[in-house]
Structures are given as C-alpha cells and as structure tokens.
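>
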Amino acid sequence: MKVIIIDDEPLARSIVKEYLQKHPELELVQECNDGLEGLKAIQQQQPDLIFLDIQMPKINGFEMLELLDHPPAVIFTTAFDEYAIKAFDTHAIDYLLKPFSQERFDKAVEKLLVQKNIPAEKSTQELLETASHSPAQSQRIVVKNGSKIKIIPVQEIFYLEAADDYVKIHTKEGYFLKNKTMNHFEQILDMQHFVRSHRSYMINIQQVTRIDPYEKDNHIAILRSGAKVPVSRNGYIRLRQVLGL
Amino acid sequence: MSRSPLSVSRFRTIFFGFWLSVIIDGVFVLHWYEPGWDLSVAVIDSIISCVVLFIFCLPLMTTLRYYTPKQKNYVNVFIWCVFIIAAWLITIRWLLQLVLGNNEGYPEFLHRSLVVRASIGFFLTGCIALAFMIWYNWEEQRENETRKQDAEKFAKEAELFKLRQQMQPHFLFNSLNSINALIGSRPEEARKMVQQLSDFLRGTIKKEETQWVSLKEELQYLQLYLDIERVRFGNRLSTLIESEITTDQMKLPALLLQPLVENAIKFGLYDTTGEIQIRVKASAEGNTLALKVENPFDPETSSSNQGTGFGLKSVQRRLYLLFGRNDLLATEAKENIFTTVVKIPQSVVQKQ
Numbered sequence: 000m001k002v003i004i005i006d007d008e009p010l011a012r013s014i015v016k017e018y019l020q021k022h023p024e025l026e027l028v029q030e031c032n033d034g035l036e037g038l039k040a041i042q043q044q045q046p047d048l049i050f051l052d053i054q055m056p057k058i059n060g061f062e063m064l065e066l067l068d069h070p071p072a073v074i075f076t077t078a079f080d081e082y083a084i085k086a087f088d089t090h091a092i093d094y095l096l097k098p099f100s101q102e103r104f105d106k107a108v109e110k111l112l113v114q115k116n117i118p119a120e121k122s123t124q125e126l127l128e129t130a131s132h133s134p135a136q137s138q139r140i141v142v143k144n145g146s147k148i149k150i151i152p153v154q155e156i157f158y159l160e161a162a163d164d165y166v167k168i169h170t171k172e173g174y175f176l177k178n179k180t181m182n183h184f185e186q187i188l189d190m191q192h193f194v195r196s197h198r199s200y201m202i203n204i205q206q207v208t209r210i211d212p213y214e215k216d217n218h219i220a221i222l223r224s225g226a227k228v229p230v231s232r233n234g235y236i237r238l239r240q241v242l243g244l
Numbered sequence: 000m001s002r003s004p005l006s007v008s009r010f011r012t013i014f015f016g017f018w019l020s021v022i023i024d025g026v027f028v029l030h031w032y033e034p035g036w037d038l039s040v041a042v043i044d045s046i047i048s049c050v051v052l053f054i055f056c057l058p059l060m061t062t063l064r065y066y067t068p069k070q071k072n073y074v075n076v077f078i079w080c081v082f083i084i085a086a087w088l089i090t091i092r093w094l095l096q097l098v099l100g101n102n103e104g105y106p107e108f109l110h111r112s113l114v115v116r117a118s119i120g121f122f123l124t125g126c127i128a129l130a131f132m133i134w135y136n137w138e139e140q141r142e143n144e145t146r147k148q149d150a151e152k153f154a155k156e157a158e159l160f161k162l163r164q165q166m167q168p169h170f171l172f173n174s175l176n177s178i179n180a181l182i183g184s185r186p187e188e189a190r191k192m193v194q195q196l197s198d199f200l201r202g203t204i205k206k207e208e209t210q211w212v213s214l215k216e217e218l219q220y221l222q223l224y225l226d227i228e229r230v231r232f233g234n235r236l237s238t239l240i241e242s243e244i245t246t247d248q249m250k251l252p253a254l255l256l257q258p259l260v261e262n263a264i265k266f267g268l269y270d271t272t273g274e275i276q277i278r279v280k281a282s283a284e285g286n287t288l289a290l291k292v293e294n295p296f297d298p299e300t301s302s303s304n305q306g307t308g309f310g311l312k313s314v315q316r317r318l319y320l321l322f323g324r325n326d327l328l329a330t331e332a333k334e335n336i337f338t339t340v341v342k343i344p345q346s347v348v349q350k351q
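Shown next as structure tokens:
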C-alpha cells in the first residue's frame, strides 16, 4: 500500500515515518509540507492511505480532501481539536491525537486494514459533510478552478446559484463551481449574512442595495455589482426578517 | 444594615447643635411672649418641652434605620409624626402644669399655647424624620454602589486571570509531539526542548500571579517561546527582535506580547507556504511603550479580518480591562505584511 504523509511540521512527519518502519506493507512514497503540495502528490501518486494534519498552511486538511474527486483512506494526525474529534467518532476513519504512541499508531493502521473492504471514498465524503458544519469551516470556501485552487472568503461572495449538481459561487472575479448542494451551503453559511431568497438562489445580504417588485407576488434583489437575483414569496419574507424590516 | 447617622461625628454635632438651638430659641420666644415672668420659667419650659420631644422622637429615628420607607409609604411616617405629637402634647401639658403651674397665669398660657406648640413640634418632628430618611436612603444607595463596584472588580479580576491563562493547548500538544519525535532520532535535542518547554510553562504559571513585568523580562520569556516554535517549524520560521535600550525597563501587562507573536506566527505560517520572518519591534514614544509585530500574509487568499483571531481579541479585551481604552491595539495590512501595534501608556502603569 502506498502512503503519503501531509503535515507542516517536519518533526511531526518524522515520527509518523518512524512508526511506519514497523509496517513493511505500507510504503511511504512522499512527504508533503502543506495541503496544496499534498493535493498534487495525491493526484500523481494515487496513494491508498494518507496521514493528514488538519491545521496547515493555505488550505487545511478538510479543505484539501474536499478538492479531491476520489479521496484515499485517511488517518488524521492532529493536536487537540474538539470539533474535529466529534466529526471523526462517527466514521470509519481513525484519528491520532498528538502526541501518540507506536501502539496507538499500530491500532489505527490495523483498523484500516480490517476495514479495507469499506470504500474509503464514501466514508471520507461522509466525514467531510460532518466536519464542514463546524463553525471554523464556514469562514471561507475552497474551490478548484481548472488546475488552480481558489480560496473564497465568505464575505466576498455576492450570491449563490444552483446549477444542476453544482452551485455557482458568484464573486467579483466571476463565478466558481462547487460540487455541493444549496442545502449544504444553507447549513454551513451564517444565516445572519446569507439568505435563501429563492429555491435556487442565496444572497449575501451585505451586497443587497435594493429590492424591487417583479411580476405578481415576486421580487427581485439588485446587488451592488448590478446583478439581479430572483426573490420568491417565501424568500422575501426571510429577507425582510433578516434585514429587520 | 446602614450606619446610624449619629455614629458619624459631624452629623452628631449638627444634630445636638440643632436641639440646643431649638431649646435656646424656645427660651427667647417664651421670654419675649411673657416678659413678666422670671427667665427661669422660660428656660424650664423650653428644656422640658424639647427633651420630651427628643425622647419621643427616638423610636422614630431608630425605626427609620431598619425600615426606610419608599415613596408611597411616606404617609406612614406622617401618621407616626401625628401620634408622636399627640403623646408629646399630653405629656408636656401634665409635666409643665406640675412643675410651673404655681406661676401666676401660667396654666391659662399653657392651655392657649398648645396649638402653637403642636405645630412647632410637628414641624420639628417632620424635619427630623426627613433628615433621617434622606440619610438612610443615601446610605443605602452608597452601599449598593459599593457592592456593584466590588462585583465588577471581582469579575474583572477573574476575567483578566482567565485571559492571561489561555495558553493554546495546540501549542502544548504539538510541542510534546515534536519532543516525541526527537526522542527517537536526536535525544540530546529532545532533552533541550523539554527544558525549554518547562521553563516556558513555569513562566506562564509564575506570571499568572503578577500583573506587570518589564519589557526585558517579557522579551526573555518570548525568546523561550520562539526557540520552541523554531524547533517545531524548522527552517520555515525566522524571527527578528529589535528593542531600544530605553524600553528595557518599561512595563507591560504580563503575558501580553507572547500571544501577539503567537498570533502573528500562526497567521504567517498558515497563510503562506514559504519561509516567513516575524519581526518584533519595541520603541518608546514619549511615555508610551509601542510594540510592533509584523508577519507576512497572502492578500489574495486571506480576508482582511482574518488576522484578528482569538489571540488579538483576547489582547484587546485585556487592554480594555486594564486601561479602559479600545484604541491601544491597531492592525494594518499593507501589501503582504500584516502589522499589529500595541501601545502601553506608562503613566497608567506606574499608578497601578
């Protein structure tokens, strides 16, 4: 099995490397300093297992996994992190709390080998869904734009638009696609700042300059950028609530 | 329970002076009214009247101490006064008749003067009741105020203690993890890091008890912290500390600088991928100590308020609690450098 270690602290990587020596069936193919490097390495090497730190430069462990189409099996290595631990408990994926012992490390590896027949991809996706609800995750959104990674702070979002299996995230630099549902965003974004104005639209209320009537029973919100976003009857009620009208 | 106003010497003097002047005034009025009598008649009459009134007022004064009437209960005080005056009139009429009744024309005079005596007595009792009520109200208010101040002070102390104490568990666990890694490969360095970490933790515990430290001390402590961080992050992290000699003995709140630098390191390290340099500069601006912490960041990917993480919020809160000001911490993002400046006014420090 091919293994990659992704951690920004050199000594944290070296301890995993040391513990790995007891497991000849696991072959360390690469070590990475941060999430972006990790992303590249995973795409090139197609590892079966990664040891992943959560707090890392640029993009964190969760964000990195989100960007992978087919995430490998993951064992998280992290210092104390309450929200993250909660997310792990319900999933097949294991986590190692730093500092961890060789015994604990061996157990995590064993657990993984036993569960090898459970598709890693599925459990990782489930984990991400849980982890993304934690408040620390909703400050920004990471998207892939071709081969480039784009980090969008949530306050820079103009509005979101549903588009088939994707959501279009409209910003001043145009729109980015994210492979998620509107309901997902409704859950992770702060409802004081974002309002689902329509089944297929969600507006950043900081961007709203005007709300005009539009046809019967409907309204339209005009944003600072000049964009016009449909507002349904229920959406109008929600908007008024949040704006305190 | 409130203090009795009679326990305050200034009030006591005024109170007894008041009664004395009432007695003397009584003598003058009586003597002027009926100059034919001997002066002793006026003196005895006045003394008896006033002393009896004073005795009857005593229960009123004591009661007001335990029961300070609120607005709608003022009528109770009025009824009290009426009863006191009635009892007083009956008593002095009997007493004065007994003592002075053999003077010619006195019994008739006594009878005629009862209405005037009643109104004067009522006026005096009213004044006393009013003075005592004002006193006790004021006392109560003062006590509430003190209690509130005490509660606030206590809450403030507790909060300051908590803010000083908030060491990031991340730091501790990651450091232990680094030590764990070093034990296998480089035991000598592991031993050194255990030492550094212990010194750092000891400093944290010790400093939780003290409020103010000199910059020199705080910089030594910061150095310990940076040594540990450099082991953790290896070549990625470099630091530059500059301080003017004049700032050495300037004071700052204990454990204030380290969270600032910790924030800068986190922000710098997690926002960029290359090597980073954290710069700390201390300078004296008149009677103010200015601390400047700089870290690189990537303006493209970080939002403008990202630098104001927990570390800065807690520093801001501490500064507010200590100095009552919100303008002592400022941040600035310019090109790819994020700067945090904290100012410590030395005049306030010296007072505390």
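Chains A and B, in that order, are what the protein sequence lines are. Under numbering that gives the first Met the number 0, think of the first position of the first sequence as 0, with each following residue one higher. Under numbering that gives the first Met the number 0, think of the first position of the second sequence as 0, with each following residue one higher. Quick reminder that beta carbons are idealized off the backbone N, C-alpha and C, glycines included.
#1: Which whole-angstrom value is the C-beta distance of Glu62 (chain A) and Gly34 (chain A), which I expect to be below 8 angstroms?
#2: Can you grab the Cα-Cα spacing for the pair Phe99 (chain A) / Lys149 (chain A), in whole Å?
#3: I need the DSSP call for Lys110 (chain A), collapsed to helix, strand or coil.
#4: Please check if any C-beta of chain B sits within less than 8 angstroms of the C-beta of Met55 (chain A).
#5: What does Ser282 (chain B) pair with, by DSSP beta-bridge criteria?
#6: Beta strand (DSSP E) containing Gly173 (chain A): first to last residue?
#7: Ile4 (chain A) CB to nearest chain B CB: under 8 angstroms?
#8: Do Ala189 (chain B) and Glu243 (chain B) have their CB atoms nearer than 8 angstroms?
#9: Rounding to the nearest angstrom, what Cα-Cα distance links Leu244 (chain A) and Gln54 (chain A) in this structure?
#10: Do you know offhand how far Cys126 (chain B)'s Cα is from Trp36 (chain B)'s?
#11: Let's see if you can read the secondary structure: which residues bound the beta strand (DSSP E) around Ser242 (chain B)?
#12: I'd like the span of the alpha helix (DSSP H) that includes Ile187 (chain A), first residue to last.
#13: Counting only C-beta atoms, is Ile204 (chain A) closer than 8 angstroms to chain B at any point?
#14: With Trp87 (chain B) and Val51 (chain B) assumed to form a contact (beta carbons below 8 angstroms), what rounded beta-carbon distance in angstroms separates them?
#15: Cβ of Leu268 (chain B) within 8 angstroms of Cβ of Arg235 (chain B)?
#16: Relative to the C-alpha of Asn178 (chain A), which residue among A:Asp68, A:Asp47, A:Asp6 is closest?
#17: Using a Cβ-Cβ distance under 8 angstroms, would Pro9 (chain A) count as near chain B?
#18: Which residue spans inside the stretch 23-68 of chain A form an unbroken alpha helix (DSSP H) run of at least 4?
#19: For Leu127 (chain A), return the contacting residues in chain B, with the cut-off set at a CB-CB distance below 7 angstroms.
#20: With 7 angstroms as the limit, tell me which residues of the stretch 171-196 of chain B have their beta carbon closer than that to any beta carbon of chain A; keep them in chain order.
#21: Do we get a CB-CB distance below 8 angstroms when we pair Phe266 (chain B) with the residues of chain A?
#22: Taking Cβ positions only, does Ser13 (chain A) come closer than 8 angstroms to chain B?
#23: Roughly how many angstroms separate the alpha carbons of Lys205 (chain B) and Tyr224 (chain B), rounded to a whole number?
#24: Does any CB atom of chain A fall closer than 8 angstroms to the CB of Tyr269 (chain B)?
#25: Where does the unbroken beta strand (DSSP E) through Met201 (chain A) begin, and where does it stop?
#26: Report yes if the C-beta distance between Ile5 (chain A) and Asp52 (chain A) is below 8 angstroms; otherwise report no.
#27: Quick check on the DSSP output: what are the complete beta strand (DSSP E) runs of length 3 or more inside the stretch 19-86 of chain B, in order along the chain?
#28: Measuring alpha carbon to alpha carbon, tell me which of B:Ala150, B:Lys342, B:Ser6, B:Gly100 ends up nearest Gln315 (chain B).
#29: Between which two residues does the alpha helix (DSSP H) containing Val260 (chain B) stretch?
#30: Do you know how far the Cα of Ile83 (chain B) is from the Cα of Trp18 (chain B)?
#31: Nearest by alpha-carbon distance to Ile275 (chain B): which of A:His22, A:Pro56, A:Leu159 is it?
#32: For the beta strand (DSSP E) containing Phe337 (chain B), name the first residue and the last one.
#33: In angstroms, rounded to a whole number, what distance separates the CA positions of Tyr32 (chain B) and Asp24 (chain B)?
#34: Does Tyr310 (chain B) have its Cβ less than 8 angstroms from a Cβ in chain A?
#35: To the nearest angstrom, how far is it from the Cα of Gln114 (chain A) to the Cα of Phe153 (chain B)?
#36: Whose C-beta lies closer than 7 angstroms to the C-beta of Leu214 (chain B) among residues of the same chain, with five residues either side of it excluded?
In short, the structure shows the following:
#1: 7 angstroms
#2: 34 angstroms
#3: helix
#4: yes
#5: B:Ala289
#6: 173-177
#7: no
#8: no
#9: 41 angstroms
#10: 31 angstroms
#11: 236-242
#12: 181-187
#13: no
#14: 6 angstroms
#15: yes
#16: A:Asp68
#17: yes
#18: 34-44, 60-65
#19: By Cβ distance, chain B contributes nothing, its closest Cβ being about 20 angstroms from Leu127 (chain A), past 7 angstroms.
#20: Phe172, Asn173, Leu175, Asn176, Ser177, Asn179, Ala180, Leu181, Gly183, Ser184
#21: no
#22: yes
#23: 15 angstroms
#24: yes
#25: 200-203
#26: yes
#27: none
#28: B:Lys342
#29: 256-270
#30: 17 angstroms
#31: A:Pro56
#32: 336-344
#33: 12 angstroms
#34: Checking the displayed sequence, the identity of residue 310 (chain B) turns out to be Gly instead of Tyr. Gly310 (chain B) does not count as touching chain A.
#35: 55 angstroms
#36: Ser242, Thr246, Asp247, Met249, Leu251, Ala281, Leu288
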